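Chemist:
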């Protein structure tokens, strides 16, 4: 019995410790340009969180992460996160992919592990992140129109050509 109780407590605390808490940033306001640099790590964490969770109305932490990330994107003086036509088409096709597209741009811009690529490599890295999200069955994204063509290009190894057109 002690073993089951101990295991249950460990699982409970591990789950709590790994959960994200973006509600503290719900009403965060950027007052100075330096604050954008200071909050880059939180913007990166928000983008990772968005790219790793399913959209649901009940997930308020995801909504807070989106809200914070968008505020950061709006005013950061250090990064030009341009929405190219291929990305605009995907985001327009499915409203739930709008924050995913923005999160992909933010993650590529800030994640040291991705090597901070530039130009076409930047766009390709963002496209791969979006394709990974869309391809995750548990997120239940229905590939329609542009998204369907996008995923087909990914499967055929022609993602670079897709984003260049």
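Numbering (this note's numbering), first residue to last: 0 to 164.
Even glycine gets a Cβ: it sits at the ideal position worked out from N, Cα and C.
Quantities reported herein were computed from a predicted structural model and do not represent experimental measurements.
Is residue 98 buried or exposed, if buried means 16 or more other CB atoms sit within 10 Å of its CB?
Modeler: buried
Chemist: Are there 16 or more other CB atoms within 10 angstroms of the CB of residue 105, so buried, or fewer, so exposed?
Modeler: buried
Chemist: Residue 50 to residue 66, Cα distance in whole Å?
Modeler: 14 Å
Chemist: From which residue to which residue does the alpha helix (DSSP H) around residue 48 run?
Modeler: 39–50
Chemist: Assuming residue 148 is part of the alpha helix (DSSP H), what are its boundary residues?
Modeler: 144–154
Chemist: Find the nearest neighbour of residue 80 within the set 119, 53, 64 and 54, judged by alpha-carbon distance.
Modeler: 119
Chemist: Is there contact here, the segment 140–147 with the segment 56–64, by at least three beta-carbon pairs under 8 Å?
Modeler: Too few Cβ pairs lie closer than 8 Å, so no.
Chemist: Looking at the secondary structure, which residues open and close the alpha helix (DSSP H) in which residue 106 lies?
Modeler: 97–109
Chemist: Do the segment 69–84 and the segment 35–44 touch if we need at least three Cβ pairs shorter than 8 Å?
Modeler: yes
Chemist: Under 6 Å Cβ to Cβ from residue 132, same chain only, skipping five residues before and after it: list those, please.
Modeler: 50 and 99
Chemist: Contact defined as beta carbons within less than 8 Å: I believe residue 102 pairs with residue 46. What is the distance between those atoms, to the nearest angstrom?
Modeler: 4 Å
Chemist: What is the residue span of the alpha helix (DSSP H) that residue 130 lies within?
Modeler: 118–134
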